[in-house]
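Undergrad:
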Ligand SMILES: [Zn+2]
Ligand SMILES: [Zn+2]
């Protein structure tokens with residue numbers, strides 16, 4: 001496995017990429033506003049100031065929002081699990097979490113609090129069987145590099161050399177990972193950038209064609225630069241945004257969508273830590289899909305106005321996610337069957 005880049009190389013690469021991203025947004029905005037809208041609409045032989053104002057206003061909003069979202073991504077940590085305080089106990093399989101020997105992170109409907117996306121204390125409610133993604137032998141998923149137990153949906157990023165909560169993918173354009181805490185900002189960034197590209201492309205092409213064909217305006221080479229970049233933003237980034245919109249609606253990360261290895265789910269029947277079964281699931285099982293609206297809110301937040309703004313982190317620490325009822329009971333039935341056969 002290749003060594004991850006040194007912190008110095010990573011920092012320099014990050015600065016260059018940030019310069020490129022902000023530079024592309026600002027430079028294309030300059031061409032669009034001054035060389036296209038002002039030159040061909042507002043200061044033309046037959047000026048159309050209202051149309052020019054509308055085009056400039058929307059493009060400016062899209063560029064402004066894309067820049068803010070990009071800034072939010074690069075200054076937001078995606079979230080990481082904490083290191084284990086008692087590593088030897090984890091390795092020997094005997095570590096103890098406060099009152100029980102349950103896995104460190106588990107989902108149990110009676111203990112799970114949707115408003116905080118975390119578990120209530122064990123004594124507050126009877127524990128129904130608890131589910132957690134585990135190794136095939138039932139041991140917790142452990143990262144030897146980060147020395148931590150990996151919560152469900154956490155993966156180790158070899159580029160960042162860190163475990164990332166609800167990791168979606170490593171993104172070269174932010175020189176870091178997209179995960180639990182910055183996924184919303186990433187989605188908004190690609191959405192606003194894609195909208196900007198589409199807006200620019202659809203409005204600039206007719207303006208340029210009409211100017212050259214009907215008014216004998218000479219070709220400005222910077223129009224070509226704008227149209228090429230707007231095409232990339234409008235087609236590629238917009239496609240990316242649509243794909244991620246779909247992922248959000250079905251509550252699936254990019255890694256989970258590309259995974260070819262089904263998960264093993266450990267089902268603890270009580271808090272002893274010994275009475276459990278490991279169920280082999282299938283790739284078609286979608287544990288985290290809890291309905292389109294709840295899936296959407298789990299990433300974008302409760303309030304519709306906040307859906308469009310790079311504000312609010314998602315609720316919860318990103319360490320426990322509710323299984324949908326269908327998957328929970330299917331896995332539970334399978335575990336009971338296995339248990340009865342012993
Ligand atoms: Zn790790
Ligand atoms: Zn990464």
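In full-length UniProt numbering, the protein residues as written are 1 to 342.
By construction, the Cβ of each residue, glycine as well, lies at the ideal position given by its N, Cα and C atoms.
(1) Taking any heavy atom of ligand 1 as the mark, which residues have a C-beta closer than 5 Å to it, listed down the chain?
(2) Using only the alpha-carbon positions, how far apart do residue 11 and residue 18 sit?
(3) Verify the contact flag: residue 176, CB atom, against every heavy atom of ligand 2, threshold strictly below 7 Å.
(4) I'd like the span of the beta strand (DSSP E) that includes residue 276, first residue to last.
(5) If contact is defined by three or more beta carbon pairs under 8 Å, each pair taking one atom from either stretch, is the segment 65-76 in contact with the segment 174-194?
(6) Does the beta carbon of residue 168 fall short of 7 Å from some heavy atom of ligand 2?
(7) Please state the DSSP three-state secondary structure of residue 238.
(8) With a CB to CB cut of under 7 Å and the five nearest residues on each side skipped, what residues in its chain are close to residue 173?
(9) Ligand 2 and residue 160: does any heavy atom of the ligand fall closer than 7 Å to the residue's C-beta?
(10) Label residue 320 either buried or exposed according to how many other C-beta atoms from any shown protein chain fall within 10 Å of its C-beta, with 16 as the threshold for buried.
(11) Apart from the five residues just before and just after residue 156, which ones in its own chain have a Cβ nearer than 6 Å to its Cβ?
(12) In chain order, which continuous runs of the beta strand (DSSP E) of length 3 or greater are located wholly inside the UniProt domain "Palmitoyltransferase DHHC" (140-258)?
(13) Return helix, strand or coil for residue 268, following the three-state DSSP convention.
(14) Using only alpha-carbon positions, find the residue among 227, 128 and 295 that is nearest to residue 268.
(15) When the Cα of residue 279 is compared with those of 259, 337 and 7, which residue comes out closest?
(16) What residue from 24, 40, 224 and 34 has the CA that sits closest to residue 216's CA?
(17) Would a C-beta distance cut-off of 8 Å place residue 25 and residue 67 closer than the cut-off?
(18) Are at least three pairs of beta-carbons, each pair with one atom in the segment 289-304 and one in the segment 46-66, less than 8 Å apart?
(19) Which residues bound the alpha helix (DSSP H) around residue 12?
(20) Hey, residue 306 and residue 313 are a contact pair by Cβ (cut 8 Å); roughly how many whole angstroms apart?
(21) Excluding the 5 residues preceding and the 5 following residue 223 in the sequence, name in chain order all residues of the same chain whose CB lies nearer than 8 Å to its CB.
(22) Can you tell me whether residue 332 is buried or exposed? The criterion is at least 16 other CB atoms within 10 Å of its CB, across all chains shown.
(23) Quick check on DSSP: helix, strand or coil for residue 119?
(24) Whose C-alpha, out of 340, 335 and 187, is nearest the C-alpha of residue 65?
(25) What is the rounded straight-line gap between the Cα of residue 300 and the Cα of residue 191?
(26) Mapping the DSSP letters down to three states, classify residue 309 as helix, strand or coil.
(27) How about the segment 78-85 and the segment 235-255: do they share at least three Cβ pairs that are nearer than 8 Å?
(28) Should residue 145 be labelled buried (16 or more other beta-carbon atoms within 10 Å of its own) or exposed?
(29) Give me the Cα-Cα distance between residue 210 and residue 201, rounded to the nearest whole angstrom.
(30) Return the residue from the list 160, 189, 79 and 13 that minimises the CA-CA distance to residue 310.
(31) At which residues does the alpha helix (DSSP H) containing residue 49 begin and terminate?
(32) So what does DSSP say about residue 36, is it helix, strand or coil?
(33) Whole angstroms is fine: what's the gap from residue 206's alpha carbon to residue 62's?
TA: The relevant details are as follows:
(1) Output, sorted by chain position: 143, 145, 146, 156 and 163.
(2) Position 11 of the chain shown, counted from the first residue, corresponds to residue 11. Position 18 of the chain shown, counted from the first residue, corresponds to residue 18. Roughly 11 Å separates the two Cα atoms.
(3) Here residue 176 refers to the residue found at position 176 of the chain shown. Residue 176 Cβ: within cutoff of ligand 2.
(4) Here residue 276 refers to the residue found at position 276 when the chain shown is read from its first residue. According to the DSSP assignment, residue 276 belongs to the beta strand (DSSP E) that extends over 276-280.
(5) Verdict: yes, contact present.
(6) Residue mapping note: residue 168 aligns to position 168 of the chain shown, counting from 1. Outside the cutoff, so no.
(7) As a working note, residue 238 is residue 238 in the chain shown. In the three-state scheme derived from DSSP, where H, G and I count as helix and E and B as strand, residue 238 is classed as helix.
(8) To locate residue 173, count along the chain shown from 1; it is residue 173. A distance below 7 Å between beta-carbons, with the five flanking residues on each side excluded, links residue 173 to the following residues of its chain, in chain order: 17 and 21.
(9) Taking the first residue of the chain shown as position 1, residue 160 is located at position 160. The closest heavy atom of ligand 2 lies less than 7 Å from the beta carbon of residue 160.
(10) Translated into the one-based positions of the chain shown, residue 320 becomes position 320. Label assigned to residue 320: buried.
(11) Within the chain shown, numbered from 1, the residue matching residue 156 stands at position 156. Contacts found: 143 and 163.
(12) The beta strand (DSSP E) runs lying completely inside the UniProt domain "Palmitoyltransferase DHHC" (140-258) and spanning 3 residues or more are 155-157, 162-164, 169-171 and 176-178, given in chain order.
(13) As a working note, residue 268 is residue 268 in the chain shown. Residue 268 falls in the strand class under three-state DSSP.
(14) Locating residue 268 in the chain shown gives position 268, where the first residue counts as 1. Nearest in C-alpha terms to residue 268, of all of 227, 128 and 295, is 128.
(15) Position 279 of the chain shown, counting from 1, holds the residue named residue 279. Nearest option by C-alpha distance: 337.
(16) The residue given as residue 216 occupies position 216 in the chain shown. Here the closest residue by C-alpha is 40.
(17) As a working note, residue 25 is residue 25 in the chain shown. As a working note, residue 67 is residue 67 in the chain shown. Residue 25 is a Cβ neighbour of residue 67, given a cutoff of 8 Å.
(18) Between the segment 289-304 and the segment 46-66, the count of Cβ pairs shorter than 8 Å is below three; the stretches do not touch.
(19) For the purposes of this step, residue 12 is taken as residue 12 along the chain shown, with counting starting at 1. Membership of residue 12 in the alpha helix (DSSP H) is indicated by the continuous run 7-30.
(20) Reading the chain shown from its first residue, position 306 is the one you call residue 306. Reading the chain shown from its first residue, position 313 is the one you call residue 313. No, residue 306 and residue 313 are not in contact; Cβ-Cβ is about 11 Å, not under 8 Å.
(21) By 1-based counting over the chain shown, the position of residue 223 is 223. Once the five neighbours on either side are set aside, the close Cβ partners of residue 223 are 31, 35, 36, 204 and 208.
(22) Translated into positions along the chain shown, residue 332 becomes position 332. So residue 332 ends up on the buried side.
(23) Within the chain shown, the letter at position 119 stands for residue 119. Here residue 119 carries a strand assignment [DSSP, helix/strand/coil].
(24) On the chain shown, position 65 is the one that residue 65 refers to. Selected option, being the one with the closest Cα: 187.
(25) Counting from one through the chain shown, the residue named residue 300 turns up at place 300. Counting from one through the chain shown, the residue named residue 191 turns up at place 191. Approximately 13 Å, taken between the alpha carbons.
(26) Taking the chain shown and counting its residues from 1, the one referred to as residue 309 is at position 309. Here residue 309 sits in coil by DSSP.
(27) In short, these stretches do not touch, since the Cβ pair count stays below three.
(28) Counting from 1 along the chain shown, the entry for residue 145 is found at position 145. Exposed, since its Cβ has fewer than 16 Cβ neighbours within 10 Å.
(29) Mapped onto the chain shown, residue 210 falls at position 210. Mapped onto the chain shown, residue 201 falls at position 201. Answer to the nearest angstrom: the Cα atoms are 14 Å apart.
(30) Within the chain shown, residue 310 is the residue found at index 310, counting from 1. Nearest C-alpha to residue 310: 189.
(31) Taking the first residue of the chain shown as position 1, residue 49 is located at position 49. Going by DSSP, residue 49 is part of the alpha helix (DSSP H) stretching over 49-74.
(32) Taking the first residue of the chain shown as position 1, residue 36 is located at position 36. In the structure shown, residue 36 falls within a helical segment according to DSSP collapsed to helix, strand and coil.
(33) Residue mapping note: residue 206 aligns to position 206 of the chain shown, counting from 1. Residue mapping note: residue 62 aligns to position 62 of the chain shown, counting from 1. About 20 Å.
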